[in-house]
Amino acid sequence: MTAVLPPGITADEIAREAARVAALPETGGRRTIARAATVSGVGLHLGAECRLTFQPGAAGQGIVFRRVDRPGAPEIPVHVSQAVASERRTVIGHDEDALHTVEHVLAAVAGLRIDDLVIEMDAAEPPIADGSAGPFLQALLDAGVVSGDAPAPAPLRITEPVRVIDGESVYEAYPADALSLEVSIDFPHPLIGPQAGRYVVTPSAFAAELAWARTFGFLREVEALRAKGLIQGASTSNAVVLDEHGLFESTLRWPDEFVRHKAMDCVGDLALAGTRVQARIVAYKPSHRGTVTLVRELLRQAVPADAPTGADAAAAPAVSPSTARPARAASEERRSPVLGIEDIMKVLPHRYPFLLVDRILEIDEKHVVGLKNVTINEPFFQGHFPGHPIMPGVLIVEAMAQTGGMLLLGNVPEPSQKVVYFMSLDNVKFRRPVKPGDSLRFELEIVQIRGMVCKMRGVAKVDGEVVCEADMAAMVRDR
């Protein structure tokens, strides 16, 4: 597809950058850079000036951000455990040390398969540059991408399909020998509409097809977003802007630049896995929060590096992203089904703001695993420790109980005609606070059943660490 580029970057220049990437040696070792490189400019959302400097990293340290403007120059590792749910951007770190809108920087780093790097910043948000990952890719290439003697890190791999639904975002991940993205979007705008693209994410393909695709936004949203403190540094020089009819003081680099940018964002957010990802990922209407949720689930189901994958693992079925409900592989059918929010609402009587389970990951006669994604938009954060958001412990227990309710109702006929009443709680313990950005995993098992009364043991975990536990007794009654 022929690119139509405004002044500042040309199709030939993009081709030259891709050729520079293709010329990088493939030694199989861990990658870093040979010397420092700097990018300066204003941040997209916070609107503050920032000087970002890439520094060589020691072998094995991974990718680390360093806030040189903060006392003690705190470091934030690039990992999903540091991710905080935020609107229209990816945020890692907490409180005053947090870093906002890091996805374009991470896309360039991950696109070049750099494994060890220090990213110094003197503000809370990196420069937006032209709205793409291209300027960061250029800076890294200018710094010299080099490979050391240490072997490349073991990639994140899966042997069975993974499915994640987060609002309108739907993801399917399948075993594969390399990272590929099949991204579909659909915006009610005459210049966008439905768009789809498939990209095999090698360094040279990333540089040629995705790195220079810019962020985009709508003129009608500007006032509302700025009232929220967002897009303070946005302009037509660092974003593709659209009015109701077409482009507003902007020119496209590709006719499908919009879906390319969404794919580029996915590459950046997948870097939060902390290693290279090998999977075929099908994403319908991807979002930053949705991709972060996918990364958490991929890490949970990751397998050792010597496990079979690709053609030797479960074959990935043909998928049409626009259906939003791809077929399950045969191996997944033999396991417990994944229940989305629509399925949960058919069973539980709870509704917003008191429906506290997002998905059921596993369920059989004796045990259930549920998921709750905690976001800053939860209504209880408005009044519970304002300025220091912590999920109320009683609601953690309630969410655990609702997950247990799915287990009990799954064992009775006509569950929509039944309701679960909890009778007692014992041995309740809270181990650590739960904050926005955490994904709560509830694991419950039946201990005893007598008639219509059931006793269960449950734990709630965040990133594998127990945050709450309780013994529960409940009764199933006619609704």
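Residue numbers for the sequence shown, in full-length UniProt numbering: 1 to 479. Note that beta-carbon positions come from the ideal geometry of N, C-alpha and C, so glycine has one too.
Check	Outcome
Is A98 near A124, with beta carbons less than 8 Å apart?	yes
Can you name the residues that DSSP bridges to Q61?	Per DSSP, none; premise fails for Q61.
Any C-beta of chain B sitting closer than 8 Å to the C-beta of E223?	Structure shown: chain B not included; a single protein chain is present.
Is it buried or exposed, I9, if we count other Cβ atoms within 10 angstroms and call 16 or more buried?	buried
I need the straight-line Cα distance from R88 to H288, nearest angstrom please.	7 Å
Tell me which residues share the same chain as A302 and place their Cβ nearer than 6 Å to its Cβ, disregarding the 5 neighbours each side in the sequence.	L156
Please state whether the Cβ-Cβ distance between E216 and A143 is less than 8 Å.	Contrary to the premise, residue 216 reads as Phe rather than Glu in this sequence. Going by C-beta atoms, F216 is not nearer than 8 Å to A143.
S204 by DSSP, collapsed to three states: which one?	helix
Please report the straight-line C-alpha distance between P77 and M121, rounded to a whole angstrom.	13 Å
Buried or exposed: which applies to D265, given that a residue is buried once 16 or more other Cβ atoms fall within 10 Å of its Cβ?	buried
Ends of the beta strand (DSSP E) at K346?	K346 -> not in any beta strand (DSSP E); alpha helix (DSSP H) instead, spanning 341-347.
Can you have a look at P379 and say buried or exposed, based on whether 16 or more other CB atoms are within 10 angstroms of its CB?	exposed
Please work out which residues of its chain come closer than 6 Å, Cβ to Cβ, to V21, disregarding the five sequence neighbours upstream and downstream, and give them in chain order.	P203, S204, A207
Can you list, in chain order, the residues of its chain with a C-beta nearer than 6 Å to that of I14? Leave out the 5 residues immediately preceding and following it.	W212
What does the Cβ neighbour count give for L348, buried or exposed, with the cut at 16 atoms within 10 Å?	buried
Looking at the strands, I want to know which residues DSSP matches up with M121.	L52, R67
Rounded C-beta distance between V368 and G404? I'm assuming under 8 Å.	7 Å
Can you tell me whether M406 is buried or exposed, with buried defined as 16 or more other CB within 10 angstroms of its CB?	buried
Can you list, in chain order, the residues of its chain whose CB lies under 6 Å from that of F65, leaving out five sequence neighbours each side?	I76, L99, I119
What residue range does the beta strand (DSSP E) around D12 cover?	Counting along the chain, D12 falls outside any beta strand (DSSP E), though it belongs to the alpha helix (DSSP H) covering 11-22.
With which residues is N373 paired in a DSSP beta bridge?	S439
Tell me whether T403 sits in a helix, a strand or coil according to DSSP, three-state version.	helix
Within its chain, find whatever has a CB closer than 7 Å to the CB of H261; leave out the 5 residues flanking it on each side and keep chain order.	A213, R214, T215, F216
Following the continuous beta strand (DSSP E) through P135, name the residue where it begins and the one where it ends.	Looking at the DSSP string, P135 is not in any beta strand (DSSP E); the run it does join, the alpha helix (DSSP H), is 134-143.
Decide if A83 is buried, meaning its Cβ has at least 16 other Cβ atoms within 10 Å, or exposed.	buried
Do you know how far the Cα of A110 is from the Cα of R198?	18 Å
How big is the Cα-Cα spacing for T437 and N373?	Position check: residue 437 holds Gly in this sequence, whereas Thr was assumed. Their backbone Cα atoms lie some 7 Å apart in a straight line.
Just how far apart, CA to CA, sit S331 and V162?	Below a pLDDT of 50, predicted positions are generally treated as unreliable, and S331, at 34, falls in that range; no measurement from the model is reported.
For T38, which of helix, strand or coil comes out of DSSP?	strand
Just grab the DSSP bridge partners of Q278 for me.	R157
Starting from E297, follow the alpha helix (DSSP H) in both directions and report where the run begins and ends.	288-301
May I ask you to list the residues that DSSP assigns as paired with C454?	I449, A474
Under 8 Å between the Cβ atoms of residue 491 and G290?	Since the first residue shown for the chain is 1 and the last is 479, residue 491 is missing from the structure and cannot be characterised.
So, do the stretch 384-394 and the stretch 447-462 have three or more beta carbon pairs nearer to each other than 8 Å?	no
Taking 8 Å as the cut-off, decide whether the C-beta atoms of P126 and C50 are in contact.	yes
Based on Cα-Cα distance, which residue from E26, N377, G47, Q417 lies nearest to S147?	E26
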